[in-house]
Each structure stands twice: as C-alpha cells, then as structure tokens.
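Visitor: Please find one structure pasted underneath; my questions will follow.
2 protein chains.
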Amino acid sequence: MLINGKPGDLIPFSDRGLQYGDGLFETLAVRQGRPCLWQRHMARLSRGETALGFPPSDKQLLEKEVLALCAEHDLAVLKIILTRGSGGRGYAPPSPGSPRRLISLHPWPDYPQTWYSEGIHVGICRTRIGRNRQLAGYKHLNRLEQVLARRECQDDSLSECLMMDEREKVICGTQSNLFMLQGNAIYTPDLTHSGIAGVVRELVIEIAGQLSIPLHITDLDRDRLMSADAMFVTNSVMGFCSVAALNKRQFDQKNIPRELRHRVEEACSTA
Amino acid sequence: MLINGKPGDLIPFSDRGLQYGDGLFETLAVRQGRPCLWQRHMARLSRGETALGFPPSDKQLLEKEVLALCAEHDLAVLKIILTRGSGGRGYAPPSPGSPRRLISLHPWPDYPQTWYSEGIHVGICRTRIGRNRQLAGYKHLNRLEQVLARRECQDDSLSECLMMDEREKVICGTQSNLFMLQGNAIYTPDLTHSGIAGVVRELVIEIAGQLSIPLHITDLDRDRLMSADAMFVTNSVMGFCSVAALNKRQFDQKNIPRELRHRVEEACSTA
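Protein chains in written order, with my numbering: chain A, 273 to 543; chain B, 273 to 543.
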C-alpha cells in the first residue's frame, strides 16, 4: 500500500483520521489492473472534501498512484482513505491542513454465486442510523453505526441488514444502497439526512432515466418494503444483488427490469 | 507515548480506529504525576466498551502504564485511545478482537486566566449534533460533528460554541457540557440521544445533590438559555468555566453557588 505515494503501512498516531474519524474513503472494484467507475468515485470524494473543508486533492496524482498499485491485479478491491492529516489542537482542524492519502489493495471477496443467481437474504437491524444533513451522503470515516449494525448481522443466513433512522424509515443496508420495485416504478430512500450516496446508486438512477423507468426518491418504511414486487441492493464491490427475501417475505427477481440490471452490471464492471 | 505498553507513535493502517472510528477515548488532566478523576474516566471507558462490544480492558495494567508515563509531569493532558484493533473484513468487527491501547501526553493548554476570573464568551454553531441513542453519552472516536462545529468557532473572541440537535435543542459545547442556573435550580441538557456524558458533568450532578441544589436534566432551547441567570461549562481539562456572554447576552457569574463551584474545582484538580 501507499501512504502519500510512498510504500508503507504505518500512520502517525497524530493523524486526525484516527483521532476523530476526520477523513473520507472510497472503495472501488479493480478489474484488469484498472479501478472501475473512477470518475464517479473521484466526484464523490471531491464533494466530501468540500463538505469537510479539506483542500482539494490532486486527482491526477491519485490516479497515477492507483494505477501503479493496481497494475497486474486482475480482480481486487481498492480502498482510498483521505484524512485531514496530522495536527490541530483538539477538535479544531489545522488550516489549510495537509491531508494524508492512503491507498491499499485487498483480495476480492468470495461472494457466493447464488447471490447473483438467486439473490440474497436480508434482515433489518436494531441499530439506528443517525440523521445529520451536513454529513449525509458523504463517505466519511465516522462509521460506528455501520460497525454496530454489522455486528448484529453476523447470522450466516443473512448477507446484508437494513438500517432505519429513528423515525423508522429504512435508509440503506449496512454496506449498500437499497431499491424496491412496485408496479412499473423504482423507489429508493431519500438520503438527505442519513446514509451514503453510493456511486452505483447514482448509476441506477441515471440508467432508470435512460430507460424511462419512473424512479422516486422518497421515505420508505418497513411495511412499504414488505409490499414491494422486488428489491435489490447495490455497492461498488458486490455490484447489483437482488433480494430473495426480507425476513420471511420472499421477492421475485423476475420483477426487476432485465435491461436495467444488465446495464448497471455492465457499467459497474467496466474499468 | 505508549502503544500496547511499548514506546512508539505509529499505528498500523489496518487499525479500525482509523478505518471506521471504531474506538473510544478519554482525556484527563495530569497533576503532580497523577491522572485526575481516574476512577470516573475508567468507569466511562468501561461503559463505552460494553456499548461497542469490546472485551473489557485491564484497567490495572492501563493505570500502571499511565502512571509510568505521567511520572514527573507536574501539569499535562493525558489522552487514552482504545481502538478495536486491527482486522475484520469490512465493517464486521472481529470477535472477540484484540483492542489496541494508545496513551499519550500533551502540553497543558494555556487557557487565559480571564476564563476563570471573568468567564468565557460562547456562540451557537450551525453544525448540528446527530441523535443516536445507542452511541449517545459515550466518548467514541466518531467526532466529525465536533470537528465541523469547532471549525465554525475559530473566531478568536469565542472560547466555545454550543451545539444543537436537529430539533434545535442545545446539547453541549463542542468540547464541554453545559449548565444553566435559573432561580435556585440548575438545568443541564438531556444526553439520552446526543452528546458526551462528561465526568465533570457527573461530578456537578453529584455535588449539586450533596448541596441540595435542585438539578434538572431536561431539553433546553436557545430562548431558555437566554433567560438564564447564569451559565457554566465543564470538561476535564478546562474544569469549571462560567459563561460571561452567549452572543450578546451577558450573564453574572455571581449567580453561580460559590460552594458548588469550589467543590467541583477542587474535585477536578485532585489527582
């Protein structure tokens, strides 16, 4: 892995990513030596930098480092962490500060093939996701809610767990965005106050538009999900997974428009 | 500083404290080579460990390491960070996991003497503090809200800024707990859903009880604060600071019971 462009795997204790979770990250699929959906990940990283008041990072330098690290890797997971760097007494951030970039490669997870052929089983966790308009949407390093949610979801029969906010609106999976189909339309949770705006979620929204499939960004509660015709979750590594069952309620993935799924899968896996 | 008891200041990139803010911390005053309010800090750390599902740490070992590090330091700030350690794929924590303890000493901040003789000026920030019952009260490492709030508060005339939740109830300062006096009673925000339950806050509540001063834990909004007779903030390092003014509204610290202040100050600075 690379820390500010140099090989290494140790970071100073003073790094604000450790001290306060003061940073951002991106997780990307790597195929044939290249990161997938690079521009979309970099656009989200830039939005996060603005939200946190980081100076804009050099995306060309980052790309150069990433390509060097990914070369000769046919299939891997790339994680980019950008922290505010060291310094600043207490919570007050140094200005302008000197962010630290950490780039690492990880083995591709061995998701079972049935996730794609039959779909996954999901539950709903007790851990709630907080509401904060200023941080919602960004992939920042404050992820204790997801850690606690995931901790609940270690039942091997569940591949993902859905998280609700304190109003009991379903926001997302612990590591994915959620979509449901009803009639001829797609519905996905409003992320104005909670959750991470996934790059594959963005793709689904665009491709639904291209295919003239109505897509509504709205509040969804548990009862509404139970009345869906089909459901799917997305993220940059798992791609597009249909939901076979939510608790005991089963869904039929044949109700997912084939062309939508095909185009999303293709876009996700194109380096 | 010490990492798992050994001198060093580098931590592995894989540490979950960095990856997800998956950890806890404590900040203590050190006087005459000893940490102040040790038992109270350890009790809060233990509550945090339970909340996050960490195995309980060895507090005697921690105390031994802390005493070795603090020896010969007359006045300093001690920071203890306890992360879930390395490992676990994605958000799912390793079970039982092997937490990493980081102990560091820092210079005592040079707060102006007027903070204590005249009180401090405070503002209210726009950054909101999120609500999450499961994480409220604990001093965990997800502190981006405080970082963003503190970033707003870099006006030199303001020593602290108050944070509200999305219901516009005032919860705390960026690094302190808040109390107001009205008539013969003390009021302090309810931290069931947001904020950190400070060890000095706990002391204030106990000492108010000993002095038979009514103390109410309740919702407080901006208008209510403006109607206070006096106000003060507390934390383990600044101790007890009266608020001279909130925006342009001035408060008279003479309305703070002298005995309460005296006993809290004494307890805070006793090693």
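Even glycine gets a Cβ: it sits at the ideal position worked out from N, Cα and C.
Remember, it's a predicted structure, so these values are computed and weren't measured experimentally.
#1: When you check each C-beta in the segment 284-295 of chain A against every C-beta of chain B, which residues fall closer than 9 Å?
#2: Of the choices PHE504/A, HIS345/A, ILE458/A and VAL471/A, whose alpha-carbon is the least far from that of SER484/A?
#3: Tell whether a beta-carbon distance below 8 Å holds between GLY293/B and ARG403/A.
#4: Taking all protein chains shown into account, do 16 or more other C-beta atoms lie within 10 angstroms of the C-beta of LYS441/B, making it buried, or fewer, making it exposed?
#5: Locate the beta strand (DSSP E) running through CYS444/B, then write down its first and last residues.
#6: Taking GLU298/B as the reference, give the member of GLY369/B, ARG398/B, ALA340/B and ARG415/B with the closest Cα.
#7: Measure from the C-beta of MET435/A to each C-beta in chain B and report whether the shortest distance is under 8 Å.
#8: For CYS342/A and ARG306/A, which I take to be in contact (beta-carbon distance under 8 Å), what is that distance rounded to the nearest angstrom?
#9: Could you please give the first and the last residue of the uninterrupted alpha helix (DSSP H) stretch that includes LEU497/A?
#10: Skipping 5 residues on each side, what residues in its chain have a beta carbon closer than 8 Å to that of ARG422/B?
#11: With a threshold of 6 Å on Cβ separation, who are the neighbours of GLU390/A within its own chain once the five nearest residues in sequence on each side are excluded?
#12: Across which residues does DSSP place THR490/A in a beta bridge pair?
#13: So what's GLU298/B in DSSP terms, helix, strand or just coil?
#14: Between which two residues does the alpha helix (DSSP H) carrying MET314/A extend?
#15: Does at least one heavy atom of the ligand FMN sit under 7 Å from the Cβ of ARG530/B?
#16: So with CB distances below 7 Å, who are the chain A contacts of VAL419/B?
#17: From the DSSP output, in three-state form, read off ILE353/B for me.
#18: Can you list the residues of chain A that SER376/B reaches, using a CB-CB cut of under 8 Å?
#19: Pull up the CB-CB distance for GLY295/B and THR355/B, whole angstroms please, since I reckon it's below 8 Å.
#20: Name the one or two DSSP bridge partners that ASP287/B has.
#21: Report the option in LEU430/B, LEU377/B and ASN527/B whose CA atom is closest to the CA atom of ALA340/B.
#22: Would you call the segment 465-480 of chain A and the segment 273-283 of chain B touching, i.e. three or more CB-CB distances under 8 Å?
#23: Whose CA, out of CYS397/B, LEU290/B, LEU420/B and THR490/B, lies closest to the CA of PHE326/A?
#24: Would you tell me roughly how many angstroms separate the C-alpha atoms of ALA543/A and ILE489/A, rounded to the nearest one?
#25: With C-beta atoms as the reference, is LEU453/A less than 8 Å away from ASN507/A?
#26: Going by DSSP in three states, HIS534/A sits in which element: helix, strand or coil?
#27: Is the Cβ-Cβ distance between CYS397/A and CYS540/A less than 8 Å?
#28: Considering only residues of the same chain and omitting the five flanking positions on each side of THR399/A, which have a CB-CB separation below 7 Å?
#29: Could you compute how far the alpha carbon of MET314/B sits from the alpha carbon of PRO368/B?
#30: Round the Cβ separation of GLY360/B and ARG372/B to the nearest angstrom and send it over; I've been treating them as touching at under 8 Å.
#31: Please name the residues in the segment 382-404 of chain A whose beta-carbon is closer than 9 Å to at least one beta-carbon of chain B, in chain order.
#32: Which of the residues in the segment 303-332 of chain B, read from start to end, lie with their CB under 9 Å from any CB of chain A?
#33: What did DSSP end up calling ASN507/B once you bin it into helix, strand or coil?
#34: Can you give me the Cβ contacts of GLU531/B inside the same chain, cut-off strictly under 7 Å, excluding the 5 residues immediately before and after it?
#35: With 16 other CB atoms within 10 Å as the buried threshold, where does THR464/A fall?
#36: What residue does the alpha helix (DSSP H) around GLU417/A start on, and which one ends it?
Guide: Taking the coordinates as given:
#1: Listed by position along the chain: PRO284, PHE285, SER286, ASP287, ARG288, GLY289, LEU290, GLN291, TYR292, GLY293, ASP294 and GLY295.
#2: ILE458/A
#3: no
#4: buried
#5: 442-445
#6: If we check each option's Cα against that of GLU298/B, ARG415/B comes out closest.
#7: no
#8: 6 Å
#9: 494-498
#10: CYS433, THR446 and GLN447
#11: These residues qualify, in order along the chain: ALA516.
#12: PRO461/A
#13: strand
#14: Here the alpha helix (DSSP H) through MET314/A covers 310-324.
#15: Although the ligand FMN was asked about, the structure shown includes no ligands whatsoever.
#16: TYR292, ASP294, TYR363 and PRO365
#17: strand
#18: PHE285
#19: 4 Å
#20: SER358/B
#21: LEU377/B
#22: Judged by Cβ distances under 8 Å, the segment 465-480 of chain A makes no contact with the segment 273-283 of chain B, as fewer than three pairs qualify.
#23: LEU420/B
#24: 28 Å
#25: no
#26: helix
#27: No, the pair does not count as a contact, with Cβ atoms beyond the cut-off.
#28: GLU417, LEU420, ALA421, GLU424 and MET435
#29: 21 Å
#30: Cβ atoms of GLY360/B and ARG372/B stay farther apart than 8 Å, at about 13 Å.
#31: Those would be ARG398, THR399, ARG400, ILE401, GLY402, ARG403 and ASN404, in chain order.
#32: ALA323, LEU324 and GLY325
#33: strand
#34: Excluding its 5 nearest sequence neighbours in each direction, GLU531/B has C-beta neighbours in its own chain below 7 Å: LEU483, listed in chain order.
#35: exposed
#36: 416-424
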